[in-house]
Structures are given as C-alpha cells and as structure tokens.
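Per the working numbering, the sequence shown starts with residue 134, numbered consecutively.
Let me begin by presenting the structure, written as structure tokens, before commenting on it.
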Amino acid sequence: MKEHYLKLFEFNNWANTSLISHLSKSDNIPDKCVKLMSHIIGAQDLWFERVRKNKEHTISPWDEYSLPECKILSGQSTTKWTNYIKRASEKSLEETISYFDLKGNYHEDKFSDVLTHLLNHSSYHRGQINMLLSSAGLKPAAIDFIIYARQSD
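Here it is, written out as structure tokens:
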C-alpha cells in the first residue's frame, strides 16, 4: 500500500508542477487560480503538521503564494510527505491519527484515509483551476493521472 501512496504523491507533485508551469505561461489568468494553487499546497502542509501531531498550526491553508513560490513549496511538501511515507510501516497506514480541525473540533481518522483525502482534495482544486481557465477562454492544463502514468512508464 505504501508504494501505491508514493506513486500517487509523485503524480500529485507532477500535476501540481505541470499546472503551475501551465499557469506561468498563460496571460491574464484569473487571480483565483493562484489562490487555489496556494491552497492546495497549504492544505498539504497543514495535514502534514496534523499527522506529525504538531498541535501548533503554523500553516494556514489559505496563505497566498506567487507561482514561483508555489513551485518550490509544492516540491518541498512532496519531499516531506514521501520521506514520511517511506519511513512509515505498512501497519501504520491503518493506524488512527487524532487531531483538531481549524474550528477546534476533535477528529480521529485512519492515516490511509487522510492520505486519500489529501490527494483527492488536491485533484478537486486542480479541476477547479482548469474550470476557471476554461471559463476565462484559456486552455486548461492536461494533468490527468493517465497522462502521468503513460509518461512515467
């Protein structure tokens, strides 16, 4: 199962990096695109703090970054996550983690469910970004998983 999540985090980083590159080459992108890209990265880092049991949430999932900052931070976030997963045991993927959400509500979730949520969250917002691009008359980025899988084989 670890290998599955590692591959998905590699895809996640590829999709983030590809989308950031696409946005950087486009003119007049909607401001919301960069805000959502920043949110994807901020949420990844917030969840990392939760998994690491850092009760002091020093990261806001709504901090805003420039596209060059997003590229750097996305890579750093992926490195943190992949190193953490590589060191984790298969058994730990089924262990429960406890944390408080941003509203102060207490939750307990399986580590594997958190990983799945995080990866789906990123895909959801990348889809929103592509929709915003299309709505603005701009070409959306080609960032489907199957494209990544074909390129990485």
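Even glycine gets a Cβ: it sits at the ideal position worked out from N, Cα and C.
From the options, residue whose alpha carbon lies closest to that of residue i
i    : options                   : result
I173 : R259, Q284 and A274       : R259
S267 : L156, Y232 and L248       : L156
P273 : S207, Y281, I279 and M264 : M264
S207 : S151, R220 and D286       : S151
Residue i vs residue j beta-carbon contact at 9 Å
i    : j    : result
K243 : E223 : no
F213 : D178 : One point to set straight first is that residue 213 is Lys, not Phe, in the sequence displayed. Yes. Within cutoff.
P194 : A269 : no
Rounded Cβ spacing between residue i and residue j (contact assumed at less than 8 Å)
i    : j    : result
N145 : S255 : 5 Å
S199 : L271 : The Cβ separation is near 19 Å, so there is no contact.
H240 : D234 : 6 Å
F142 : T211 : 6 Å
K165 : L226 : That belief does not hold up - the Cβ atoms of K165 and L226 are roughly 34 Å apart, past 8 Å.
Contact set for residue i: own chain, Cβ-Cβ below 8 Å, skip 5 residues either direction
i    : result
C203 : N149, I153, V167, M170, S171 and I174
I192 : G175, D178, L179 and E182
Own chain partners of residue i with C-beta closer than 7 Å, once the 5 adjacent residues on each side are dropped
i    : result
L248 : Y138
Y232 : R183 and H240
> Along the chain, which unbroken stretches of the alpha helix (DSSP H) at least 4 residues long are found entirely within the segment 136-199?
Replying inline: Inside the segment 136-199, DSSP marks whole alpha helix (DSSP H) runs of 4 or more residues at positions 164-184, from first to last along the chain.
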